[in-house]
Structures are given as structure tokens and as C-alpha cells.
Amino acid sequence: MIKYIITTIFALVFSFNTFANTSWDDILNAKKAPQNWLTHHGSLDGHRFSGLDDINKKNVKKLKVAWTAMIGGIEGGGIWDHAGLEGTPIVEDGFMYVTDGWGSVYKFDATKNGKLVWKMNPDTDHDFPGAVTCCGINNRGVALIDNKVVSHTLDGRLIVTNKDSGEIEQEVQLADASIAEVITAAPLVVKNSAITGVAGAEYGIRGWLHSTNLADGSKNWRTYTIPAPDEPGGDTWKQGPEAHSKDAWMHGGGSTWVVGSYDPDLDVIYWGVGNPGPDWDNEYRPGDNLYSNSVLALDADSGKIKWYFQYTPNDPYDFDGVNEQTLVDAKIFGKKTKAVLHADRNGFAYALDRESGKFLWGTPFVKKLDWTAGLDKYTGRPLDYDPNKDVQRYVPSSSAFRAQPEATSCPGNMGGKNWPPTAYDPDRNMYYIPVIESCAMHVNVPQEKEWVAREFWLGGGPKMGPQITGSVTAMDVNSGKVVAKYDMDYPQLGGLVATKGGLVFSSHPDGTIVALDSDNLKELWAFETNTGVNAPPITFEAGGKQYVAILAGLGGAWPKWFVGSTPGLEKVQPGQTLYVFGL
Amino acid sequence: MKINIILKVLFLVLMYNNAYSQPPKFDYGLSTYKKGNCMGCHKWHGDGGPGYGGAALSLRETGLDKEQLITIIECGRPGTNMPFFDKKAYVDDRCFGMKFSDFEGDDKNRPLQAKSFLNKRQIEAVVDFIINDLQGQKVSKDYCLKFFGKPTRSCEGL
């Protein structure tokens, strides 16, 4: 009888739980519930580390497909002939939420082999934003809070959907496609607000972060990443040779298209800021061009900038600093430190003190880096940065400028590392980086023409150089040293997850999904999807069993513009599939 | 009898009207322009300009004739980002008498392979499209509607 009562209570609690709202506490404590994958990076610190270890080094060889789901949204729009999948699935209490490139949200029941619970289609305008998105029809996922699923659309909206019914409850127009602002990043929910980042630096937008009050859709704050002339940092945008460049800051870029991280103790949001525009003509915009290519530490309630650190001042390479920020409480040089890690397009990984922004270490994670001799030990500035000059050349043979319109740098404009996320294993104090091992040519075309809405604002462009390969690279956070590399024929374009089982899950852009040994990056398991993979894997538990999930669907910028440097990748076909693996 | 004729006329008028309101006719050249990712670099409007694909020239302002257009599409323009679309280019010597082996070690001038190859029929169709719809013409609303196949905000203000 007692047993019966206990079972009933247990069943009641359990069933109640499956309909529970996502509280802010749940999100703060996401790591204590590893059966879920509750936020974009698994936890607000950006680790992409799962405490699950049922799938581990010993048994991963037996991993096989548990279920799959074909999702829609493959159609093209604007200049894109198909959409792709770059999203991170979110899992809570056995339900999975994924997005397709056009921002439809799918809720699957992972305890019932992926039965579709509902689909929310936000009717995203295809051609208008699709004509001006630089790098594919992408949407990187949702965020949960209360009874809401919060998501973005390429045409610039924040959408709040009822978690149970799939009905849209609220829409807020945040980005303006008529000036080429689009949204591809997942939202970051902090308390009762959603923080939105914007894309469009290649079209000369002025980047921003926007905080929306989820209670009523009103604006909490909007912080521009490019200061106005009378604001701090405004003097880092000086006039160039063209008269219209006096307004360079208005089209200075600095987009925020990768979701940031949050430290609840400091109440600070960390968010990477993208490249300055025009990308390849830094003579147009003399000065350091704050806060392009920087990490911003912002007060969560006011959006005020507390400190910043700039990776590549007055950038001539398109070394977009937008990549994710990973908050670690880790031993650095033997001392327990509250740090923020970041692997930049420019080929350096950085550790900064996350309370003060002070530079701790910076090391190349790529095999070849030739645009500067290294970073200053104290300031973290590139050694070839010249504080007496407004226009930087760095290593002159690596940067294109008006008197030398072509030059080759390593890494090239795509990085280093692009948006696909890193993973951090706290047990090993190891930082895993998905790497594009590249060199590329830069071409400067002076930005003589004034800014026009929805036209490229590039001041040149990249040109295909030598063949590009890739790797997964492991870095010891204590020392900032590279300790292992898993070499790849093609760049890593999907991102990573690390697990307590001693595994790092990764992918190849031609469709192979792999599990690597966390200690030495040896390949332990592989599966062929035979389509493009450019989305990060995650792991979760449903019905008491651990699974690994990943979206497979060719997308992003690579297939359109960079396949010339990765022969063979042009054969990869579009597709739209969710794969879920189990033992 | 008369009624029959009237009906016939009415029918024809309706047919005509119907045809008129149909979406723009399928154009194999335009579809190839999209399939070949010409629009990725030369843009939907064909005017080119700087981009991630490099500084693509305007196909509206191009002075090339039919033969020259065919050649550059088949062979690309080594040393620039204009890729080659002929499967056999640089495999045999059909392009400027050159082969891949002639470019070994020269990353700067290496011919770039297109995302997808085009066959003879497709190349001729896209060349006809350039000559009929782009060359020497300004971007128009009609062109815009034809490109997108339906009304879109991109065509407003043209």
C-alpha cells in the first residue's frame, strides 16, 4: 500500500514536472539537471558541457541512430537557393525544441521517438531579408522561460510562443530589413528579459543589443556597439579620405549575431561584437573603431558597458569578434580565476579576467598565423599594432590597402574560428575549439561610393587562396597551450559538445558526425549523414536514457562563397534532418 | 450558333486574361542563373559589386559578345573569383590551352571550380538571359518581378 502511494506521488510529481514552467532558477541551475539541455550553450556560462556519462569512451562505439525527423524550411529566398540548419536543439523534460532556417519552431516528444507535438510557423518574409543576408538562411535556436518559447526570425522579429499550445503570444519587430538588419542568433533570456543580437555589418548597419521585457514586449534598453561621436569611444572613428567617411560610425558594423553568456553573481552579460565596416578598407575609418571586434561586459539591467576588450583594432581582415564567450572559474597559471575565454576569428584564443577585463593569456590555436608576430604579454594587443597610427597595417604583407590592393593572411577572413561554438570541460580544464585552418587573399576596393541601404558595404572582398582544412583543437586553460589536434580535410563548421563521459562530439562539413576522446582527441566513433553538417551537437536524457542530437542540413556562407577553397565540398547536397543517437 | 461563337470568344478572352495573370513564364536562363549561383556574386540584379564572392563585374555593363560570354562562363577567369562552369575545363586544354598542372603552386591564379557545373545547353541559356535581360539595361520593376517570380518588397521603389 505504501509502495502504491509512493508510486502514485512519484507519478504525480513526475507528470506535474513535465508541464512545469521553466523558472529562472531552473535556468541558473541548468548544470544540476543534465538530463535537459536548457539553454543555447547548455548553461549560461557557455560551457557546452554535459554532466551525462552513460555514453562514454568505453561504449560510444555502439552508438546508433535512435530516431530521426525530417524538418521543413529548406526552401530558398532572396539570393539563397536553399536554407540550412545551424540551430542548437533545446531539451526540457523530454521535449525538444528546434528551429529551421526560416525560424519555424518544432516541438518534438523525445520520449516518443520524436513525435511532433506542434510546429510554429512565423511566416517569415523570404525574399526581402533573404536578398541581404550575408551568410545563409539561418536560425540558431530558441530560449525557454516560464511557459514561453522565445525565438527570432530572419525578418527581424522576436516571437514568443506558448510552450504547450504552439500558439504565438507576442511578436516584436526589432531589426529593420530595409537597412539590411536581420537576425540569426538565438535569444539570451536573462531573468524576465530576452536579449537580441543583430546581423548585417556587411551592409553597413550600426550594431546593437536589445533587451525586451517579456512581460509586455516593451524595450528595457538598446545599447549600440558603435558609439556616437560624443560618446566614450566615439573618437575612434575618424574621417578618412572620403568626405562621407565623417559618418563612418553610422555604418560602422559591429553586429552581434552570436548569442552571449551571463554571469549571475556579477549580473553581467558578455557578448562578442563583430567586424567594422567597410570590412576591407580600414583607411576609410581611421582609429581603433570601438567596439568592433571586442567583447563587451554589460550590466544586465541597464545595458551599460562596464568594460570592453578589443581583439583586432582597425581591422583590415574581417576578423569579426562575435564568437561566443565562455565563463570559467578555473586555474589559470596555477591560480583560481574568474575568467572569460574566447576563440577569435583572428586565430588567437584569449583568457581575460571577467571582473576587470584584464588580459591573462592569448595563444594561437591555428597551425598558421602570420598577420602579427603575437600578442603583447601585458595588454593582449597584437604586437604589430602601432599606437601612433590611426590606420593599422599589422604585418604589411598580410593586409590589403589602397597602395597594395591584394594580400594574403593566415588565418583568412573566415577564421581561425567562425560562429560554431567551442566546448569547455571543467574536469580537465580543457577548451575545445572547432578550427578553420586557413589562409585567404584580401582585396581592397576603396569605399569611394557613399553608403546605400541594402548594398554591400565591404570596401573589397576575399579572394580564394590556398586550400582550406580544419581541426578540432584542445587547449589547456591553465597554461593557454595547445595540447592536441584532431586534423580534418575540411574546416570544422558545426561546433562541439563535451561530456562527462570523456567525449567531445564533433562533425565534418561533408556529413560525418564523430565522437572524440577528450584526453587526446582520437576518433572513437563516426556516423555518415551524407549531407552538410553545420550545427552543434548536444546531449540529453529522455525516459532515463542518454541521447546525442544534431541537426544536419547544408547551409551557412561556405557553400555559396568559399567552396572554391575546399574542393569536394561542392558535391554536398542540401537536406534537413534531425538525428538522435542512443546506445 | 451565334451563341456558340459568343461563348467561344468569351472563352478566348477569359483564356487570354488568365494567361496574362499567370506568373512570369519559366526562363531556363534565369533558372540557370540561380542554379549556377551567378546571383551569389553578380547579385540578383546582375550589377555585381563587391561581395563575399569578390568584386564581381556588372553583367549589365559587360561589353562581351556571345562567344566571349560563353568562354568566360566555361573557363572562368583564373586569377579572379570568377569560377569555371565546364566540367572539362583545365582537365583537357579547351580553356586557353591551359591545364590544372600549369597552375601548380600558383595559389593566386589557380582556376576556381564552380559550386555546380553547367552543361552546354545551360550555358547557352544563361548567356541568352544575360543578352536579353541584363546587358545594356537598367534594373527595372519588370525584371525584379521576373527574378523573384512574385511581388516582393525588394521590387518596391523600382
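Chains G and R supply the protein sequences, listed in that same order.
Letter by letter, the first sequence follows residues 118 to 700 of the numbering used here.
Letter by letter, the second sequence follows residues 257 to 414 of the numbering used here.
Even for Gly, the Cβ is constructed at its ideal location relative to N, Cα and C.
For clarity, every value in this text was computed on a predicted model and none was experimentally measured.
Residue i in three-state terms, based on DSSP
i      : result
R/R409 : helix
G/T496 : coil
G/L407 : coil
G/A360 : helix
G/V177 : helix
G/G389 : strand
G/C527 : coil
G/W478 : strand
R/L401 : helix
G/I449 : strand
R/L368 : coil
G/F166 : strand
R/M338 : coil
R/Y284 : helix
G/P513 : helix
Nearest-angstrom Cα separation, counted from residue j out to residue i
i      : j      : result
R/R366 : G/R519 : 24 Å
G/S268 : G/M592 : 33 Å
R/S277 : G/S526 : In this predicted model, R/S277 has a pLDDT of only 44, less than 50, meaning its place in the structure is not dependable; the value taken from the coordinates is given anyway. If you take the alpha carbons of R/S277 and G/S526, they lie about 53 Å apart.
G/K639 : G/L331 : 45 Å
G/G193 : G/K475 : 44 Å
G/K494 : G/Y428 : 14 Å
G/V560 : R/G335 : 12 Å
G/V412 : G/T342 : 10 Å
G/Y548 : G/S682 : 28 Å
G/P499 : G/L668 : 37 Å
G/C252 : G/W675 : 8 Å
G/V569 : G/G350 : 25 Å
G/M581 : G/M558 : 6 Å
G/T480 : G/P403 : 27 Å
R/K406 : R/G413 : 15 Å
CB contact check: residue i to chain G, cutoff 8 Å
i      : result
R/L313 : no
R/P445 : Because chain R here runs from 257 to 414, residue 445 of chain R falls outside it and cannot be looked at.
R/S415 : In the structure as shown, chain R starts at 257 and stops at 414, and residue 415 of chain R therefore has no counterpart that could be examined.
R/S277 : For R/S277, the pLDDT reaches just 44, beneath the cut-off of 50, and the residue's location in the model is therefore unreliable, leaving the point undetermined.
R/N293 : yes
Neighbourhood of residue i by C-beta, 7 Å cutoff - its chain only, sequence neighbours within 5 removed
i      : result
G/D606 : T586
G/D487 : V512, S515, S526, C527
R/D384 : G285
G/Q152 : F657, E658
Other residues of its chain near residue i: CB distance less than 6 Å, five sequence neighbours each side excluded
i      : result
G/G660 : T228
G/A248 : G195, I196
G/T340 : L326, G420
G/W424 : A414, G474
R/G302 : L315, R316, L390
Minimum C-alpha distance to residue i - residue among the options
i      : options                        : result
G/G357 : G/W338, G/V385, G/P395         : G/P395
G/K452 : G/N595, G/L668, G/S378, G/T648 : G/N595
R/G361 : G/G163, G/Q584, G/K175         : G/Q584
R/P306 : G/G597, G/V680, G/P563         : G/P563
G/W366 : G/K355, G/W478, G/E658, G/W374 : G/K355
G/E319 : G/G479, G/G370, G/E400, G/D544 : G/G370
G/L700 : G/P304, G/F657, G/A570         : G/F657
G/V650 : G/T313, G/G628, G/Y664, G/A632 : G/G628
G/T241 : G/K232, G/V259, G/G220         : G/G220
G/A311 : G/P239, G/V614, G/H157         : G/H157
G/V259 : G/E298, G/V222, G/G532, G/D432 : G/V222
Cβ of residue i within 8 Å of any chain R Cβ
i      : result
G/K100 : In the structure displayed, chain G extends from 118 to 700; residue 100 of chain G sits before or after that span and is not available.
G/M680 : This sequence places Val at residue 680 of chain G; Met is not what is there. By this cut-off, G/V680 is an interface position.
G/P513 : no
G/I196 : yes
G/L610 : no
G/E348 : no
G/L486 : no
G/A248 : yes
G/P684 : yes
G/C251 : yes
G/G577 : yes
G/E572 : yes
Check: residue i C-beta below 7 Å from any heavy atom of ligand 2
i      : result
R/L368 : Among the components modelled here there is no ligand, and therefore nothing to report on ligand 2.
Cβ shell of residue i (< 8 Å), same chain only, five flanking positions each side left out
i      : result
G/S588 : K484, V552, E554, K602, Y603, D604, M605, Q609
G/L620 : I172, N173, K174, V177, A632, L633, D634, S635, L641
Within-8 Å CB hit, residue i to chain C
i      : result
G/A674 : Absent from the structure: chain C. Protein chains present are G and R.
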